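Working notes, structure below.
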Amino acid sequence: MYESKTKRWSLLFFVLGISIMMSSGCNTSEAPFLLNTVYVRAKKNEGLGELNAAQQKNLADTLNAIFGTPDTPELPQIAGVDFPGLVDLEKLRVAAGPVGRNESGRELGLYRKHCVHCHGITGDGAGPTASFLNPYPRDYRRGTFKFKSTKGTDRPTHEDLSRILVQGIPGTAMPSFRILDEGELDSLVHYVRYLGIRGELERRLIETAADELEDEELFLDLDQPGSGIFQERVSLIKEELAAIVDSWTETQVTEVPPPPVDWGSDASIATGKKWFFSSTTNCSKCHGDTALGDGQTNDYDEWTKDWTLKVNVNPLEDLEKIREYERLGALHPRNARPRNLRQGIYRGGRRPIDLYWRIKQGIAGTPMPAASSQLSDDDIWHVIDYVMTLPYDALSKPQNVPENQREIR
Amino acid sequence: MTLAWTTFPLIWVGSLVTTYDAGMAVPDWPSTYGYNLLFYPWQTWIAGPWDLFIEHGHRLLGAFVGLITIAFLVVTFRCDRRRWMQWMALGMLIAVIAQGVLGGSRVLFDSRFLALIHGCTGPIFFSLTVIACVLTSPHTTREQAGTCSSAGHTLQRLSLFTAIFAFLQLVLGAHLRHVAVDTSHEVFRVTVFFHLLMATVVLAHGIALALHVRRHFHDYRPLRRAANGLALLLCLQMMLGGATWVVKYSWPTWLADFQFAASYTVTAQSLPQSLIVTAHVALGSLILATALMLFVRSLHLLQPSLNATSPNHRGLLGVVV
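Note that the protein sequences, when read in sequence, are chains A and B.
Mind the numbering: the first sequence is residues -17 to 391 in this note's numbering, read in order.
Mind the numbering: the second sequence is residues 132 to 452 in this note's numbering, read in order.
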């Protein structure tokens, strides 16, 4: 009795096991760059045109013709657009493609080896593991990066990107890649920029296509390469691409002035505290009166807003639309949480200069605003003073207060 | 015995290969960069990059295990008169060759899918070696069991189910490790969910098994030891599983308010990361093997006829030890 039952069950499980094994992985040969369909849908929700399957395929083909494929990336061969020091084809070839080594023993496929399971093949930040991670991995396709030395939403510098790769981002899933050598890090940074530039051009083409295309009209109709509209579109691509490349080449590090002479003194901290709780800066409105990061916690980051609030889709109410997005591969919208400043853990780096950059120009893509217009440079340093004492404040770590620690609150 | 002891490191090194994604470090097979496997200059191997070191090491070790399997086959044919034991030895040789070819094809076709299968069948071979170990050990052949009781049946069923679940769990785990680059996050999510579900199922079975053995087979030492060992391994494996998550993806958000979680930075391919992940994989094989071992012992308990024709184990031991 027992045994026949056992046998039947074991057979069932065996079949199940085999079918699980067969069900995935068969399609691993070459992963293509997929179109940003979430953005296509966002444009439709915004009230622009809806692109049909043929139009979407045409856009994807156009992008592939410009940028190549994940296995064999290309640099746009468009007269008048070059990539001085931004994207180097040699380096891309090291970072792209399947994992392996070339004849001379150099490692290839670095992106697929180290990054793809989080950041995704197109750099959409929605790789296989992404839905478990909080914050979600970065979507490069907007060109927006958080922890950098440049102004506002300006593009990051080469050093900004490689610093993140070396240090990782504490408290998030973004690892430190200090095991990689300089050349490898360099290639990865080039590849991140390549995906960023590609993604941004893709967004702009989608915007134009959703705005301009008639029913059934293709963005680039290869059957009529001589037509006026074709030429117009090609020069549009060229212009957009040139603008995107410029935004990367022209980005500039914000100079950091030396701290005021009384920096570190009680008076400096008190000034900082005043600003922190003032309605000019609103720091405490978001970070909370306790600075535990529990102030305003219901906002979203820009990556999410692009396809929700900005196109009149409320993540909490328009659930049907959100589900449609998720079916297209979007990650479920999540609130952006202000940092708990009592832990003394800064994701973008803990040097005073890092905090200066964060507070002076805000954290791009997140609700954290730039204080540059409200505060003078000295006042920013005072605020930093106050922020840096928060972890030692009585509320944070009663037992850890140094003897000579001043009374702050 | 020797065979099992050399196969286990093979599993470790094999999983190291995946941990470091070194599977394609050597682009050709069966040769290594054009050299015959055995004649690849060892200086280049030792001094070369880490991933080449482990990939080539995995190949050498695999070849070594193959040789031992041949030796085992010869010894079995000469010393063990149990027909089915001889068949098993032959089956093992075929299995090890198939596993090698599978590993080789994985390299030749650069296929993650074959790598996944290679990763799933490795533990099966390891389990075979452990079972062979049990079947040829003097313990098994000497001990006269044969309690044809319902307790024995339960034991048999529990251990079989533990083994099946453990294998399914291994397959699920292999899916998590060998994710295709274009796997969607939903698929991964579902796989993780089943991996966790299966973990609880295996754990529950393992503990039930240990309790059952404790109650009914207290005096049968090999059985008791194996069952307790299994329960212990399972608990350890759970912890390693959690640790694997943390060293790869950091602490979950609900712990973010704790200092240790907020300040933790994942470090790619750091020593703790690769050790923990690799240990998690290797322990999975060990659990499967232990469960199967218990199953084989329970079969033997129920059917003492299996060792009616006792082998000449002095000869066997002589060669194996």
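No residue lacks a Cβ here, since even glycine has one placed at the ideal position from N, Cα and C.
Quick caveat, the model's predicted, so the values are computed rather than measured.
Run through DSSP, which three-state label would residue i get?
| i | result |
| --- | --- |
| Leu454 (chain B) | This structure gives no information on residue 454 (chain B), because the portion of chain B shown stretches from 132 to 452. |
| Ser158 (chain A) | strand |
| Thr132 (chain A) | strand |
| Thr453 (chain B) | Given a span of 132 to 452 for chain B in the structure shown, any question on residue 453 (chain B) remains unanswerable. |
| Pro152 (chain A) | coil |
| Gly62 (chain A) | coil |
| Gly178 (chain A) | helix |
| Gly31 (chain A) | coil |
| Gly275 (chain A) | coil |
| Gly50 (chain A) | strand |
| Pro297 (chain A) | coil |
| Pro55 (chain A) | strand |
| Lys292 (chain A) | helix |
| Trp385 (chain B) | helix |
| Gly67 (chain A) | coil |
| Leu432 (chain B) | helix |
| Tyr282 (chain A) | coil |
| Asn359 (chain B) | helix |
| Glu189 (chain A) | helix |
| Thr19 (chain A) | helix |
| Ser209 (chain A) | coil |
| Ala194 (chain B) | helix |
For a test of your reading of the model: does the CB of residue i fall under 8 Å from any non-hydrogen atom of the ligand FAD? Yes or no.
| i | result |
| --- | --- |
| Ser394 (chain B) | Among the components modelled here there is no ligand, and therefore nothing to report on the ligand FAD. |
Let me confirm a value: residue i is counted as buried when at least 16 other C-beta atoms fall within 10 Å, else exposed. Which label applies?
| i | result |
| --- | --- |
| Ile228 (chain B) | exposed |
| Arg333 (chain A) | exposed |
| Arg212 (chain B) | exposed |
| Arg39 (chain A) | Here residue 39 (chain A) turns out to be Lys, not Arg, going by the sequence shown. Label assigned to Lys39 (chain A): exposed. |
| Trp218 (chain B) | exposed |
| Gln59 (chain A) | exposed |
| Ile225 (chain B) | exposed |
| Val22 (chain A) | buried |
| Lys(-11) (chain A) | Reliability of the predicted coordinates at Lys(-11) (chain A) is poor, the pLDDT of 48 falling under 50, and the value obtained from them is presented with this limitation in mind. Lys(-11) (chain A) should be labelled exposed. |
| Pro52 (chain A) | buried |
| Gln213 (chain A) | exposed |
By Cβ distance below 7 Å, which residues in the same chain neighbour residue i in space, the five residues on each side in sequence not counted?
| i | result |
| --- | --- |
| Leu303 (chain B) | Thr322, Phe325, His326 and Met329 |
| Ala387 (chain B) | Ala393 |
| Gly153 (chain A) | Ile327 and Arg329 |
| Phe292 (chain B) | His336 |
| Asp367 (chain A) | Trp245, Gly246, Ser250, Ile251 and Gly254 |
| Leu223 (chain A) | Pro58, Ile60, Val63 and Leu183 |
| Ser158 (chain A) | Val148, Gln149 and Gly150 |
If I measure Cβ to Cβ from residue i and keep anything under 6 Å in the same chain, skipping five residues before and after, which residues do I get?
| i | result |
| --- | --- |
| Cys97 (chain A) | none |
| Leu372 (chain A) | Ala273, Leu323 and Arg324 |
| Pro349 (chain A) | Asp281 and Ala318 |
| Asp193 (chain A) | Leu30 |
| Tyr34 (chain A) | The identity of residue 34 (chain A) in the sequence shown is Asn, whereas the question assumes Tyr. Counting only Cβ-Cβ distances below 6 Å, and skipping sequence neighbours, we find nothing. |
| Asp136 (chain A) | Thr233 |
Using C-beta distances below 8 Å, list every residue in its chain close to residue i, excluding the 5 sequence neighbours before and after it, in chain order.
| i | result |
| --- | --- |
| Tyr380 (chain B) | Val397 |
| Lys303 (chain A) | Asn27 and Val295 |
| Glu182 (chain A) | Arg123, Arg124, Gly125 and Ile226 |
| Pro242 (chain A) | Ser250, Asp360, Trp363 and His364 |
| Leu414 (chain B) | Leu364, Leu367, Gln368 and Leu371 |
| Phe391 (chain B) | Trp382 |
| Val261 (chain B) | Ala135, Ala420, Thr421, Leu423 and Met424 |
| Ala108 (chain A) | Gly102, Tyr118, Pro119, Asp121, Gly311, Ala312 and Leu313 |
Going along the chain, which unbroken runs of the beta strand (DSSP E) with 3 or more residues stay wholly within the stretch 289 to 357 of chain B? none
Starting from the N-terminal side, write out each stretch of the alpha helix (DSSP H) that is 4 residues or longer and does not extend beyond the stretch 73 to 120 of chain A. 92 to 96 and 98 to 101
Quick check on the DSSP output: what are the complete alpha helix (DSSP H) runs of length 4 or more inside the stretch 301 to 382 of chain A, in order along the chain? The stretch 301 to 382 of chain A is shown to contain whole alpha helix (DSSP H) runs of 4 or more residues at 301 to 309, 334 to 343 and 359 to 371, in chain order.
Give, in chain order, every unbroken run of the alpha helix (DSSP H) that is at least 4 residues long and sits entirely within the stretch 236 to 261 of chain A. The qualifying runs are 248 to 259.
Going along the stretch 388 to 414 of chain B in order, which residues come within less than 8 Å of chain A, judged by CB to CB distance? Asp388, Gln390, Ala392, Ala393, Ser394, Tyr395, Thr396, Val397, Thr398, Ala399, Gln400 and Ser401
In chain order, each alpha helix (DSSP H) run of at least 4 residues that lies wholly inside the stretch 203 to 289 of chain B: 214 to 239, 243 to 267 and 269 to 273
If the cut-off is 9 Å on Cβ atoms, which residues from the stretch 312 to 342 of chain B count as contacting chain A, listed in chain order? Residues passing the 9 Å Cβ filter: Val312, Asp313, Thr314, Ser315, His316, Glu317, Val318, Phe319, Arg320, Thr322, Val323 and Phe325.
Compile a chain-ordered list of the residues in the stretch 297 to 322 of chain A whose CB is closer than 8 Å to at least one CB of chain B. Gly311, Leu313 and Asn322
Can you list, in chain order, the residues of the stretch 93 to 104 of chain A whose Cβ is nearer than 9 Å to any Cβ on chain B? Arg94, Lys95, His96, Val98, His99, Cys100, Gly102 and Ile103
Give me the subset of the stretch 373 to 385 of chain B whose CB atoms are less than 9 Å from a CB atom of chain A, sorted by chain position. Trp376, Lys379, Tyr380, Ser381, Trp382, Pro383 and Thr384
Give the residues from the stretch 112 to 145 of chain A that approach chain B closer than 8 Å (Cβ to any Cβ), ordered along the chain. Listed by position along the chain: Ala112, Ser113, Phe114, Leu115 and Asn116.
Report the residues of the stretch 208 to 231 of chain A with a CB closer than 7 Å to any CB of chain B, ordered along the chain. none
Contact residues within the stretch 237 to 271 of chain B, judged by C-beta distance below 7 Å to chain A: Asp241, Ser242, Arg243, Phe244, Leu247, Ile248 and Cys251
Residues in the stretch 196 to 209 of chain B with C-beta within 8 Å of chain A's C-beta atoms, listed in sequence order? none
At a CB distance below 9 Å, what residues from the stretch 150 to 162 of chain A approach chain B? Give them in sequence order. Those would be Gly150, Ile151, Pro152, Gly153, Thr154, Ala155, Met156, Pro157, Ser158, Phe159, Arg160, Ile161 and Leu162, in chain order.
Near-chain A residues of the stretch 413 to 428 of chain B (beta-carbon distance less than 8 Å), N- to C-terminal order: none
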